[in-house]
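Okay, so here's the structure we're looking at.
Numbering (the working numbering), first residue to last: 12 to 303.
Below, the structure written as structure tokens:
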């Protein structure tokens, strides 16, 4: 994300440094308050505040932050504007770390989930059928999720500046190219590219090989199952940790985006929330139909 500069390459003054520190201190106190809210016990039940409400609270606080900082952008005091700019660059670190944390989890989450699912697919004559069924469900759900995502963008007035996301225009990928890319030429490049289909294919091949090993060497098969459970629980714990930090990431994202964009970003956020929950509901419905 590009945070606009208000002045040239001048060194920040004492006033701008004070403004920056004051803003960062306020954001740090807000983050502390969010984590304190998580420990609050509700009524006689003793239940903690729902995580979704914490995310909503972070969104509202970020919205308020953005509106206040944006109103100060028009200040005639250059030092104040410079201090706000530097503070936003530091707050934007929260956004970057949060999003990159999710990106880094894509590969291990897919690998361990498919590997574990295939080892649990069964044994004996039903193993092959179960493995094919697992792969078919994965492919169908990925395709349906992608279709729902495109449908949400088409149905709701969500304006996206694709030029800032994709610097160079790429030609549409053909079906032949998609099939060819299923088998990557380099194992590590497939993992580092975060492309879903090659990772799913590699996971399926690894899982199928593990099934073959388990069939020929039952003792090794038990160890493979233990490794799969261990990996699944470790990755799941890391995912829970990242999700627990979601309010912090949302706070940083909303604060910076509201601060540096025009008022139309509010409508975009509103429609995005509607499209997001609509898509989640549709995906949940699809999974319910698959389980029936």
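We put the beta carbon where it would ideally sit given N, CA and C, even for glycine.
For residue 127, the enclosing alpha helix (DSSP H) has its first and last residue at 89-130. Between residue 218 and residue 295, the alpha-carbon positions lie close to 26 Å from each other. In the three-state DSSP reduction, residue 296 falls in the helix class (H, G or I). In the three-state reduction of the DSSP assignment, residue 251 falls in the helix class. Linking residue 120 to residue 97 through their CA atoms gives a straight-line distance of about 36 Å.
For residue 50, there is no enclosing alpha helix (DSSP H), as DSSP marks it with neither H nor E. Relative to residue 268, the option among 143, 47, 76 whose CA is nearest is 76. Taking a cut-off of 8 Å on C-beta distances, the stretch 31-40 touches the stretch 88-107, as three or more cross pairs fall below it. The criterion of a C-beta distance shorter than 9 Å is not satisfied by residue 286 and residue 129. Contact annotation: residue 256 and residue 112 have beta-carbon atoms nearer than 9 Å. The beta carbon of residue 261 sits closer than 6 Å to those of 66, 69, 70, all from its chain and outside the five residues before and after it, given in chain order.
Looking at 270, 279, 298, the one whose alpha-carbon comes closest to that of residue 78 is 270. Annotation: the continuous alpha helix (DSSP H) that includes residue 265 extends over 257-271. Taking C-beta atoms under 8 Å as the contact rule, residue 266 and residue 73 qualify, at a distance of about 4 Å. Residue 206 sits in coil when the DSSP states are folded into three classes, being neither helix nor strand. CA-CA distance, residue 276 to residue 282, rounds to 10 Å.
Annotation for residue 82: the continuous alpha helix (DSSP H) segment containing it runs 62-84.
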